[in-house]
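One structure below.
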Amino acid sequence: MTYLIGGDLPVDRLGYGAMQLTGPGVWGEPADPDEAVRVLRRAVELGVTLIDTADSYGPFVADRFIREALHPYPSDLVIATKVGFTRGGPNRWTVVGRPEYLRQQAELNLRHLGIERIDLLQLHRIDPAVPLADQLGELVALRQEGKVRHIGLSEVSVAQLAQAREITPIATVQNSYNLVHRGHEDVLEYAEANGIGFIPYFPLATGNLARPGSPLDQAAKAHGATPSQLALAWLLRRSAVMLPIPGTSKVAHLEENLAARQISLTDEEFAAVSA
Numbered sequence: 001m002t003y004l005i006g007g008d009l010p011v012d013r014l015g016y017g018a019m020q021l022t023g024p025g026v027w028g029e030p031a032d033p034d035e036a037v038r039v040l041r042r043a044v045e046l047g048v049t050l051i052d053t054a055d056s057y058g059p060f061v062a063d064r065f066i067r068e069a070l071h072p073y074p075s076d077l078v079i080a081t082k083v084g085f086t087r088g089g090p091n092r093w094t095v096v097g098r099p100e101y102l103r104q105q106a107e108l109n110l111r112h113l114g115i116e117r118i119d120l121l122q123l124h125r126i127d128p129a130v131p132l133a134d135q136l137g138e139l140v141a142l143r144q145e146g147k148v149r150h151i152g153l154s155e156v157s158v159a160q161l162a163q164a165r166e167i168t169p170i171a172t173v174q175n176s177y178n179l180v181h182r183g184h185e186d187v188l189e190y191a192e193a194n195g196i197g198f199i200p201y202f203p204l205a206t207g208n209l210a211r212p213g214s215p216l217d218q219a220a221k222a223h224g225a226t227p228s229q230l231a232l233a234w235l236l237r238r239s240a241v242m243l244p245i246p247g248t249s250k251v252a253h254l255e256e257n258l259a260a261r262q263i264s265l266t267d268e269e270f271a272a273v274s275a
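In this text, residue positions in the sequence shown follow full-length UniProt numbering: the first is 1, and each later residue adds one.
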């Protein structure tokens, strides 16, 4: 169950998102630093080869734990990161797309992660105050310098994605998408049609779909699984370009999430849950 990011970078399609390795509001230290290290090591033990982080997680707290837990990194591990936010405190996010800021944060990512090249550098958000060509142009310059391998985007429309592809190849797009909220269906379809990896963040939402007796609940019971596991299995079945990155700060929850790889939905189950 692999996908080639950018056509040449293989990853297991069920990855891990590092945002929860921080404190409340994605700010500061986690409540249990030792468990954060255990989660990362266990993820790799269980076959995760894609870890998604960002300089803004902490800020740089998630990066530090990734390095502490996993450096020197396994040869097949892909660390994706993001630049484009500055942080003013818990739950405070400000988009900054000035080229010099994007470069600064990319360089800091390299330093904090202890790597010489970022496999996948994603523009965390497009800054409306800065021309897109200037924002992506800086990431392209970093790639030309050998500091970045592939470029991705986050939380964009089809029009923005198409505009970006006129400037540089785009390997992945990371938008909010899950069983309950499918507002970016058009972006997913565009990604499928153009060989772009789709990284759905907040992949575990189930809401009322998990109520007793619902199709999701029934399918979960049929597989001896949880509704969240079925939600991940549904995402993996939904598209071959889908790369879910469920995050957690607990080993037990991590193991539960990754067990979703073993669930194979029938056509009938997939249709019933989708509807």
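Note that beta-carbon positions come from the ideal geometry of N, C-alpha and C, so glycine has one too.
query: Count the other CB atoms, across all protein chains shown, that sit within 10 Å of the CB of Q20; report buried if there are 16 or more and exposed otherwise.; result: buried
query: In terms of residues, what are the limits of the alpha helix (DSSP H) holding K221?; result: 215 to 222
query: Near S239, which residues of its chain fall below 7 Å by C-beta distance, leaving aside the five closest residues on each side in sequence?; result: L188, E192, F198
query: N175 lies in the beta strand (DSSP E); which residues open and close that run?; result: 172 to 176
query: Using C-beta distances below 8 Å, list every residue in its chain close to V251, excluding the 5 sequence neighbours before and after it, in chain order.; result: E35, R38, V39, R42
query: So is A225 buried or exposed if we call it buried at 16+ other beta carbons inside 10 Å?; result: buried
query: List, from N- to C-terminal side, the beta strand (DSSP E) runs of 3 residues or more that fit wholly inside the stretch 58 to 107.; result: 78 to 83, 85 to 89, 92 to 95
query: What does a CB cutoff of less than 8 Å around A205 pick up in its chain, not counting 5 residues either side in sequence?; result: N178, L179, V180, H181, A231
query: Can you check whether the CB of G152 is closer than 7 Å to the CB of Q105?; result: no
query: With 16 as the cutoff for other CB atoms within 10 Å, does M242 come out buried or exposed?; result: buried
query: Return the residue from the list D267, V158, G97 that minimises the CA-CA distance to L139.; result: G97
query: Looking at H124: is its Cβ nearer than 7 Å to the Cβ of G84?; result: yes
query: Could you check if S274 is buried or exposed, using at least 16 other CB atoms within 10 Å of its CB as the buried criterion?; result: exposed
query: Fully enclosed by the stretch 27 to 57, which alpha helix (DSSP H) runs are 4 residues long or longer?; result: 33 to 45
query: If you follow the beta strand (DSSP E) that F270 is part of, which residue opens it and which one closes it?; result: Per DSSP, F270 belongs to no beta strand (DSSP E); it is in the alpha helix (DSSP H), 267 to 274.
query: So what does DSSP say about L243, is it helix, strand or coil?; result: coil
query: Identify the residues that DSSP records as bridge partners of Q122: which are they?; result: K82, G152
query: Starting from G197 and walking both ways along the beta strand (DSSP E), at which residues does that stretch end?; result: 197 to 201
query: Which residues mark the beginning and the end of the alpha helix (DSSP H) in which P10 is found?; result: From DSSP, P10 is part of no alpha helix (DSSP H) but of the beta strand (DSSP E) over 9 to 12.
query: On a CA-only basis, which of Y73, G114, L120, D134 is nearest Y101? Give me that one, please.; result: D134
query: In the DSSP output, what is L4 paired with across the bridge?; result: P10
query: Buried or exposed: which applies to G213, given that a residue is buried once 16 or more other Cβ atoms fall within 10 Å of its Cβ?; result: exposed
query: My output table needs one value for T17: the three-state DSSP class, helix, strand or coil.; result: Checking the sequence shown, residue 17 turns out to be Gly, not Thr. Correct three-state label for G17: strand.
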